[in-house]
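The block underneath contains the structure these notes are about, expressed in structure tokens.
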Amino acid sequence: MSYDEEQQKRSRVVVETPNARREEYYARTSRVPERAGYSTGVVAVVALLAIAATALIMFFLMNRSDATNTNVSVATAPTPIPTVPTPLPPPPATPIMVPPAQQAPPVIVQPPPTTTTQPAPVIVTPPAPATNAGAAPQLDDATIEANVNKALTDDADLKDAGITVTVINGRATLIGSVKTPELKTRAERLAHGIKGVRVVDSKIMVEGTPQ
């Protein structure tokens, strides 16, 4: 720690009064600050700043050195040499025989069938026919057979032909012989005209016709 310089000056003052004259002496001390040197605090702060700056510079240089080493390692890595396959000699050219062009058969394109959606058939059940109490009863075979015989005997040309009539389930069978084909046709027509006859089985023979 430095001390300031001290300077001391003395002065004499004469004081005159009406009654007497006297002298008074005054002493004045002045201090001059020491100009050479710095305080301990300033020196410590400067030293700390210098140490921090040195450490920062060293850290920056070390990081830069690591980055440079990494780049050098990547740059000096061996580059793999690609393997180039040895080309094989081309096979001998084989002559290509081009067949003559043939006319292609015509292609017939048929449109797909049109699908028509048909409505479902509606089945209508007809009502049961009402039973008519006054309806005529169905004829039996005997009655039908009698009616056919009567129709044949009422005919002037067929009454003497002797045609036999048999009716079974509405099927009339005619057996006999006539002189002409016209008489045979007339007998069949008469049998068809009788109510209840469904089928006529004609076995009538025409006289003089070879068998």
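Residue 445 in my numbering sits at position 65 of the sequence shown, with consecutive numbering throughout. Yeah, the Cβ is synthetic: ideal placement off N, Cα and C, and Gly gets one too. Computed from a prediction, not measured in an experiment: that's the story for all the values here.
Check: Roughly how many angstroms separate the alpha carbons of valine 558 and glutamine 518, rounded to a whole number?; Outcome: 32 Å
Check: In this structure, how does DSSP classify alanine 552 when only helix, strand and coil are distinguished?; Outcome: strand
Check: How big is the Cα-Cα spacing for alanine 510 and threonine 533?; Outcome: With a pLDDT of 49 at alanine 510, under the threshold of 50, the modelled position of this residue cannot be trusted, and the question is left open.
Check: If you draw a straight line from the alpha carbon of aspartate 521 to that of glutamate 587, how long is it in whole angstroms?; Outcome: 29 Å
Check: Name the residue from Val547, Glu525, Pro561 and Thr420 whose alpha carbon lies nearest to the alpha carbon of isoleucine 584.; Outcome: Pro561
Check: Could you check if isoleucine 524 is buried or exposed, using at least 16 other CB atoms within 10 Å of its CB as the buried criterion?; Outcome: buried
Check: Short of 6 Å in beta carbon distance, which residues of its chain neighbour threonine 553, apart from the five on each side in sequence? Order them along the chain.; Outcome: Thr546 and Asp581
Check: Going along the chain, which residues of its own chain have a beta-carbon closer than 7 Å to the beta-carbon of aspartate 537, five neighbours each way excluded?; Outcome: Leu563
Check: Whose CA, out of Asn529, Arg569 and Arg566, lies closest to the CA of threonine 544?; Outcome: Asn529
Check: I'd like to know whether the C-beta of serine 391 is nearer than 9 Å to at least one C-beta of chain D.; Outcome: Among the chains of the structure shown, chain D does not appear; only one protein chain is present.
Check: Where arginine 551 and valine 577 are concerned, what is the direct C-alpha to C-alpha distance, given to the nearest angstrom?; Outcome: 6 Å
Check: By how many angstroms is the C-alpha of alanine 526 removed from the C-alpha of alanine 567?; Outcome: 15 Å
Check: Which whole-angstrom value describes the C-beta separation of leucine 570 and alanine 531, a residue pair presumed to lie in contact below a C-beta threshold of 8 Å?; Outcome: 5 Å
Check: Could you tell me the distance, in whole angstroms, from the CA atom of valine 579 to the CA atom of histidine 572?; Outcome: 7 Å
Check: Which residues bound the beta strand (DSSP E) around isoleucine 584?; Outcome: 579-586
Check: From the DSSP output, in three-state form, read off threonine 448 for me.; Outcome: helix
Check: Output the distance between the C-alpha atoms of glycine 421 and leucine 428, rounded to the nearest integer angstrom.; Outcome: 11 Å
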